[in-house]
Amino acid sequence: MSVVAISPRQHPPGRAHRARLARQRTGPTLTITVDLAAGSASPRLNRLLELLGELAESGEGRLSRDDVDHRAAAADPSVVRILTGPRVVQQGDRVIPLTRIEYDLLLFLAERPRRVFTRLQLLNQVWGYDHAVARTVDVHVRRLRAKLGGGTPLLTTVHGVGYRLADEARVSVER
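In terms of our numbering, the sequence shown opens at residue 1 and continues consecutively.
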């Protein structure tokens, strides 16, 4: 982690046009750079990120709450991040290679937490048709679980009904 403090300064007379373009500082500026790529964040680092987020929310800082949440999620290996633009799934700093259907299934369930879907509903909503064998869903769920690891289960089987996102699943969908 590095910390840089910048005091307000006067611009030389020949650079007045640049001074107008630059952000006007009314007081000292503090820049904090935190490298979140190396391993998981400690509880103290997570608390620092929470405090920075609170500072930003109060209007006293420029960092947005989303920036803090996304950075904390990127550092935590138990959080699964679904990036909808590039259609990428990350767990910590690891990219999880998923097929199109696996990605669509995970995204569909992540966008609808605490809701149970039957196999036929999933075939209709994710695959786009419902005339396939319902066990196709089981195969894709099993493969998705294997790729995401066995730590905290993301997908829960509701016996006799279907599947849903697990209550304890830590998933963030980033658009």
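For every residue, glycine included, the Cβ atom is placed at its ideal position computed from N, Cα and C.
For residue i, which three-state DSSP category applies?
i	result
G85	coil
L120	helix
R196	The question about residue 196 has no answer, for the chain in this structure spans 1 to 175.
R145	helix
L107	helix
V133	coil
S2	Legend: pLDDT at S2 = 49, less than 50; position of this residue unreliable, no value from coordinates given.
R23	Interpretation of R23 is limited by its pLDDT of 48, a score under 50 that renders its predicted location unreliable; the figure taken from the coordinates is listed afterwards. In the structure shown, R23 sits in coil (DSSP, three-state: anything other than H, G, I, E or B).
V95	strand
L45	helix
V179	Only positions 1 to 175 of the chain appear in this structure, which leaves residue 179 out of reach.
L154	coil
R115	coil
R100	helix
G128	coil
S64	Legend: pLDDT at S64 = 49, less than 50; position of this residue unreliable, no value from coordinates given.
Since residue i and residue j are thought to touch, with beta carbons under 8 Å apart, how far apart are those beta carbons, to the nearest angstrom?
i	j	result
L123	V139	In fact, because the Cβ distance is near 12 Å, the residues do not count as touching under 8 Å.
R190	Y103	The shown model of the chain, from 1 to 175, leaves out residue 190, and the question about it has no answer.
R175	T84	5 Å
G162	Q121	7 Å
Less than 8 Å between the beta carbons of residue i and residue j, yes or no?
i	j	result
Q90	R81	yes
F117	R164	yes
V173	A132	no
L154	A166	yes
G92	P113	no
L106	L144	yes
R170	V79	yes
Could you tell me which residues DSSP pairs with residue i in its beta bridges?
i	result
G160	G160 is not bridged to any residue.
Q90	R81 and V95
R165	Residue 165 is actually Leu in this sequence, not Arg. Its beta-bridge partners are L155.
Heavy atom of the ligand MG less than 7 Å from the Cβ of residue i, yes or no?
i	result
V79	Looking for the ligand MG in the displayed structure turns up nothing, as the structure carries no ligands at all.
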